[in-house]
Amino acid sequence: MSSHRLQHEIKKKQPFESAEREAVLNILLTADRLQNRFGRLFREYGLTTSQYNVLRILRGEGQPLPSLEIASRLIQQVPAITGLIDRLESAGLVCRKRCEEDRRVVFVDITRSGCSLMARIDEPLLALHRELIGHLSPQELQQLTGLLEKVREGLPPTQ
Numbered sequence: 404m405s406s407h408r409l410q411h412e413i414k415k416k417q418p419f420e421s422a423e424r425e426a427v428l429n430i431l432l433t434a435d436r437l438q439n440r441f442g443r444l445f446r447e448y449g450l451t452t453s454q455y456n457v458l459r460i461l462r463g464e465g466q467p468l469p470s471l472e473i474a475s476r477l478i479q480q481v482p483a484i485t486g487l488i489d490r491l492e493s494a495g496l497v498c499r500k501r502c503e504e505d506r507r508v509v510f511v512d513i514t515r516s517g518c519s520l521m522a523r524i525d526e527p528l529l530a531l532h533r534e535l536i537g538h539l540s541p542q543e544l545q546q547l548t549g550l551l552e553k554v555r556e557g558l559p560p561t562q
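Per the numbering used here, residue 404 is the first one in the sequence shown, and the count goes up by one each step.
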């Protein structure tokens, strides 16, 4: 039983053609609003969401990773991981190292400056998470996570 709140939010005159369409549009609208809030926070620290994502991956791994491995772990797929890493390297937040065994492989590591920046972002980011979805109970958060994972399981693999 849908509340049809989305229909009013986007000023849609006719009911949705299907429950699936309404659900997908709800996901897209919610994702866009969340993305805008996160983007605003990261811009305060001179980063894009994708740049933050690269730094998050490297800090979490605790060791250098090949750039293609980083690309495969990104939340949002980007067309040019090289350009993204170029900008982070120019800012002194990551450094590149060529693999000795295979010169085609480039490892990327987070720098001290990158770690320091991430540490400064941690608390404001946690506060933003709480602001955005802290009104959901632990059970609702678990249910939401499970449903979103189930949606992704049904999607074809990305190329």
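Note that CB positions come from ideal geometry on N, CA and C, so glycine has one too.
Beta-bridge partners of L468 (DSSP): V511. By the beta-carbon neighbour count (other beta carbons within 10 angstroms, threshold 16), G449 is exposed.
The C-beta distance from V497 to I478 rounds to 17 Å, too long to fall under 8 Å, and the pair is not in contact. Between the beta-carbon of G517 and that of L428 there is about 37 Å, and that puts the pair past the 8 Å contact cut. Between T451 and I488, the alpha-carbon positions lie close to 12 Å from each other. In terms of Cβ geometry, L535 and R440 form a close pair [threshold 8 Å].
As the crow flies, the alpha-carbon of T433 is around 12 Å from that of I413. For V554, no beta strand (DSSP E) encloses it; the enclosing alpha helix (DSSP H) starts and ends at P541 to E556. Between L550 and the set D505, I473 and A426, the nearest pair of CA atoms involves A426. Burial is judged here by how many other beta carbons sit within 10 angstroms of a residue's own beta carbon; L468 has at least 16 and is buried.
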